[in-house]
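Chemist: Structure incoming, see below.
Numbering (this note's numbering), first residue to last: 23 to 754.
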């Protein structure tokens, strides 16, 4: 890095550069870090070596520690206490929570108390010596404490030692957990590690037994409640059936105990009467069929013995009568007698036929009467059954309630029996996979590990010290330092204001407006033709006030009657459009990318005689766009329509954008924040502009005043200046 004397004060009237390097080939930010390291290399090296030597000394004086390890397996155990089919108990959905609970229990104080009691460690001086504590601590008197308080204090000491030296290391993607214990005694470490695992298993079993007992007690209480509920639901069903005349002849249940059908007395009677009615109807139809024909044609007339006999006799008499009439005259006594017999037989047949017909009519009337009687009874039963069916709806609800209570009661009773058996067996879900053995070599101190840690800490401490010392350089604090430290003339200073620059500049009587008007006046003397036609404003880093300076100079020019075009040249983090509440859809990046209609990108503002061109969308490579000659072409075209062009350029530090813009303008104003960036950084940035053959008119010292207040510049800058989205924060 070069001093001010190497480039001296820059002459404002120097011509435009045609060639020249823009910056170093190595990324400037890396160079800044490298320069910092080289400047403080001996201090940093001393800090690192001091940390290493200190770690060696500490390691040599450390007592050897022995770590014993026992490996246990923890299986996930689902406890189903109230599991009823169709009703799932609330369980943890993820195994991680279960194992996290187990790991916490492994380091719980009650477990340490159990181990201490099991190994009799409360009065064990060997245990204390294994942790570097004198055994006399157990017997020494403490003023103001009773014997019980001293005992409790010693117990807490033992428990804390156990908890401080035990370590739990779960093995990822497995059910295995390594439990280690560290002390100065290898055998004691192994004993405590094994006892820790055994105590954890015993504690888990105790919790299971307690859980089983609690579950049995809970289920006993629930069974009593459910039994009462079952009795009440069954009683409600019986009482309702009694009030509504519902007589159940039998219920059919499925395999789960639910009532599938329930036959009542009214239903059975109706079915019986309906069957009898069907039979009576059939009998009536048969009787009607028999009674509807003449006596001679009925089937009974054909099958009647008496009628058949009479018809046989008549046939015999008729045959004899016909025979005798042929042989004898009609008046013959024999013929007359046969004729009389034939008439008597016909009369007997007629009487028998009439008797049979009357009997069938009587039978039909009886069948019709019985049918009507049965039909009336069926209708009566149907009406009664309809009423009962309506009552059966509520009755069925009572039965379902009773069935549900019976199922829950039976399931809970079965679970109660299972828990009783499980409580007697005692299932353990924790087991020892590999017991601990006394280690044959110490686990610490580890000289190599300590050296690595010391080296890392030494490098970190040395780096922090070096960069802290770098920050002691508070930059330019006084306007009189500008020329001496930077070799550039001071154009003016601006005060630190509470409001943003745009609002402050609106007040023509404000100190800020006066300051920038003075700067404008000084710039008017920087060239032979007055204020530079094209001007770029840049700074070392963001948040120094360059955007506010660009805006303020444009405002002052506009108020003096000049037609000004303000261009936001900070393609990486634009802010001009945000300061004025404008859009940023298209702008400088579009023109640099090849769009020629630059006038379409101009946005008028409420400021007098001031128009702007925003950056447009942030390009992938701002330096690549700026490296061509389109920016110079844009400035030349703009000056045909505007009196002045002011460009808000990006900061110089670490980027090539500002030197590229500086080449294309007539003059460059360099903004420096009071008590801001280090002088070395400012000099480096100015040197880069000089190497780019930029014409530097001078320095504007901003934010002069007591105290400090940061104004956002956008984002993505700092030492990691890079591409960022559009920002609306003001630069000042």
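For every residue, glycine included, the Cβ atom is placed at its ideal position computed from N, Cα and C.
Every value quoted in this text rests on a predicted model; they were computed, and no experiment measured them.
What are the start and end residues of each continuous alpha helix (DSSP H) run of 4 or more residues lying completely inside the stretch 623–690, in chain order?
Modeler: 644–648, 652–660, 679–686
Chemist: If I'm right that residue 688 touches residue 717 with Cβ under 8 Å, what's the distance once you round it to whole angstroms?
Modeler: Your numbering for residue 688 matches position 666 in the chain shown. Your numbering for residue 717 matches position 695 in the chain shown. Yes, they are in contact, since the Cβ atoms of residue 688 and residue 717 sit about 7 Å apart, within 8 Å.
Chemist: Tell me which residue opens and which closes the beta strand (DSSP E) that residue 203 is part of.
Modeler: For this step, residue 203 is matched to residue 181 along the chain shown. Note, residue 203: beta strand (DSSP E), 198–205.
Chemist: Just to confirm my understanding: we take residue 528, look at its own chain, exclude 5 residues before and 5 after, and list those with CB closer than 7 Å. What are they?
Modeler: Walking along the chain shown from the start, residue 528 turns up at place 506. Answer for residue 528: no residue qualifies.
Chemist: Is residue 400 buried or exposed, if buried means 16 or more other CB atoms sit within 10 Å of its CB?
Modeler: Taking the first residue of the chain shown as position 1, residue 400 is located at position 378. Result: buried.
Chemist: Here's the rule: buried if 16 or more other CB atoms are within 10 angstroms of the residue's CB, otherwise exposed. What is residue 739?
Modeler: As a first step, residue 739 is located in the chain shown; it is residue number 717 there, counting from the start. Low local confidence applies: a pLDDT of 34 at residue 739 is under 50, so the model's placement there is unreliable, with the coordinate-based value given in what follows. Residue 739 is buried by the Cβ-count criterion.
Chemist: Any heavy atom of the ligand ATP within a distance shorter than 7 Å of the CB on residue 520?
Modeler: The ligand content of the structure shown is nil, which means the ligand ATP is not present either.
Chemist: Taking all protein chains shown into account, decide if residue 300 is buried (16 or more other Cβ within 10 angstroms of its Cβ) or exposed.
Modeler: Taking the first residue of the chain shown as 1, we reach residue 300 at position 278. Under this definition residue 300 is an exposed residue.
Chemist: Can you name, in chain order, every residue of its own chain whose Cβ lies under 6 Å from the Cβ of residue 617, other than the five neighbours on each side?
Modeler: Stepping through the chain shown from its first residue, residue 617 is reached at position 595. Taken in chain order, the list of residues that qualify is empty.
Chemist: I need the DSSP call for residue 548, collapsed to helix, strand or coil.
Modeler: Here residue 548 refers to the residue found at position 526 when the chain shown is read from its first residue. If DSSP states are grouped into helix, strand and coil, residue 548 belongs with coil.
Chemist: Enumerate, from N- to C-terminal direction, the unbroken beta strand (DSSP E) stretches of 3 or more residues contained entirely within the stretch 540–600.
Modeler: 556–561, 586–590
Chemist: DSSP has residue 720 in a bridge; who is on the other side?
Modeler: Along the chain shown, one-based indexing puts residue 720 at 698. Its beta-bridge partners are 691.
Chemist: Return helix, strand or coil for residue 532, following the three-state DSSP convention.
Modeler: Working through the chain shown from its first residue, we reach residue 532 at position 510. Three-state DSSP puts residue 532 in coil, outside helix and strand.
Chemist: Use the C-beta contact count for residue 590: other C-beta atoms within 10 angstroms, 16 or more gives buried, fewer gives exposed.
Modeler: One-based indexing of the chain shown puts residue 590 at position 568. The residue in question, residue 590, is buried, as its Cβ has 16 or more Cβ neighbours within 10 Å.
Chemist: Return the Cβ separation of residue 458 and residue 90 in integer angstroms, given the expectation that the two are a contact with Cβ distance under 8 Å.
Modeler: Your numbering for residue 458 matches position 436 in the chain shown. Your numbering for residue 90 matches position 68 in the chain shown. Going by Cβ atoms, the distance from residue 458 to residue 90 rounds to 4 Å, so yes, they are a contact pair.
Chemist: Using a Cβ distance threshold of 8 Å, determine whether the stretch 63–74 contacts the stretch 193–207, with at least three qualifying pairs required.
Modeler: no
Chemist: Are the beta-carbon atoms of residue 681 and residue 714 separated by less than 8 Å?
Modeler: Here residue 681 is taken as the residue at index 659 of the chain shown, counted from 1. Here residue 714 is taken as the residue at index 692 of the chain shown, counted from 1. Contact flag set, yes.
Chemist: Find out if the Cβ-Cβ distance for the pair residue 204, residue 88 is shorter than 8 Å.
Modeler: Your numbering for residue 204 matches position 182 in the chain shown. Your numbering for residue 88 matches position 66 in the chain shown. Yes, these two residues count as a Cβ contact at 8 Å.
Chemist: Look at the Cβ atom of residue 488, then the Cβ atom of residue 65, and state whether they are nearer than 8 Å.
Modeler: In the chain shown, counting from the first residue as 1, residue 488 sits at position 466. In the chain shown, counting from the first residue as 1, residue 65 sits at position 43. Judged by their CB atoms, residue 488 and residue 65 are nearer to each other than the 8 Å cut-off.
Chemist: Starting from residue 526, trace the alpha helix (DSSP H) in both directions and tell me its first and last residue.
Modeler: Taking the chain shown and counting its residues from 1, one reaches residue 526 at position 504. Counting along the chain, the alpha helix (DSSP H) containing residue 526 begins and ends at 523–527.
Chemist: Any idea if residue 556 is buried or exposed, counting beta-carbon neighbours within 10 angstroms, 16 or more meaning buried?
Modeler: Translated into positions along the chain shown, residue 556 becomes position 534. Residue 556 should be labelled buried.
Chemist: Does the separation of the CB atoms of residue 585 and residue 664 fall below 8 Å?
Modeler: Taking the first residue of the chain shown as 1, we reach residue 585 at position 563. Taking the first residue of the chain shown as 1, we reach residue 664 at position 642. Contact flag set, yes.
Chemist: Mind checking whether residue 246 and residue 92 have CB atoms under 8 Å apart?
Modeler: Residue 246 sits at position 224 when you count from the first residue of the chain shown. Residue 92 sits at position 70 when you count from the first residue of the chain shown. Against a cut-off of 8 Å, the Cβ pair of residue 92 and residue 246 comes out as no contact.
Chemist: Among 518, 514, 265, which residue has its Cα nearest to the Cα of residue 542?
Modeler: Here the question's residue 542 lines up with position 520 in the chain shown. For the residues 518, 514, 265, the minimum Cα distance to residue 542 belongs to 514.
Chemist: Could you give the residue range of the beta strand (DSSP E) that holds residue 88?
Modeler: One-based indexing of the chain shown puts residue 88 at position 66. Segment 88–96, the beta strand (DSSP E) holding residue 88.
Chemist: Is residue 608 helix, strand or coil by DSSP?
Modeler: Within the chain shown, residue 608 is the residue found at index 586, counting from 1. Residue 608 falls in the coil class under three-state DSSP.
Chemist: Helix, strand or coil for residue 191, going by three-state DSSP, please let me know.
Modeler: Residue mapping note: residue 191 aligns to position 169 of the chain shown, counting from 1. Here residue 191 sits in strand by DSSP.
Chemist: Cutting at 6 Å between CB atoms, please list the residues of its own chain near residue 303, excluding the five before and the five after it.
Modeler: Taking the first residue of the chain shown as 1, we reach residue 303 at position 281. 393, listed in sequence order.
Chemist: Please specify which runs of the beta strand (DSSP E), each continuous and at least 3 residues long, are wholly inside the stretch 445–485, giving them in chain order.
Modeler: Segments of the beta strand (DSSP E) lying fully in the stretch 445–485: 452–456.
Chemist: Taking the alpha-carbon of residue 435 as reference, which of 695, 244, 676 has the nearest alpha-carbon?
Modeler: By 1-based counting over the chain shown, the position of residue 435 is 413. Ranking the options by Cα distance to residue 435, first place goes to 244.
Chemist: Could you please give the first and the last residue of the uninterrupted alpha helix (DSSP H) stretch that includes residue 502?
Modeler: Residue numbering aside, residue 502 sits at position 480 when the chain shown is read from its first letter. No alpha helix (DSSP H) holds residue 502; DSSP gives it neither H nor E.
Chemist: Where does the unbroken beta strand (DSSP E) through residue 515 begin, and where does it stop?
Modeler: On the chain shown, position 493 is the one that residue 515 refers to. 512–517 is the extent of the beta strand (DSSP E) around residue 515.
Chemist: So, residue 421 versus residue 298, is the Cβ gap smaller than 8 Å?
Modeler: Within the chain shown, residue 421 is the residue found at index 399, counting from 1. Within the chain shown, residue 298 is the residue found at index 276, counting from 1. The answer is no: Cβ separation not under 8 Å.
Chemist: Starting from the Cα of residue 219, find the closest Cα among 454, 209, 389 and give me that residue.
Modeler: The count along the chain shown starts at 1 and reaches residue 219 at position 197. The residue with the shortest Cα to Cα distance from residue 219 is 454.
Chemist: What residues in its chain sit with their C-beta under 8 Å from that of residue 580, if we drop five residues either side in the sequence?
Modeler: The count along the chain shown starts at 1 and reaches residue 580 at position 558. Same-chain partners within the cutoff: 586, 629, 630, 631, 632.
Chemist: Should residue 3 and residue 81 be called a contact, given that it needs their Cβ atoms to be closer than 8 Å?
Modeler: As displayed, the chain neither begins before 23 nor continues past 754, which places residue 3 out of reach and without an answer.
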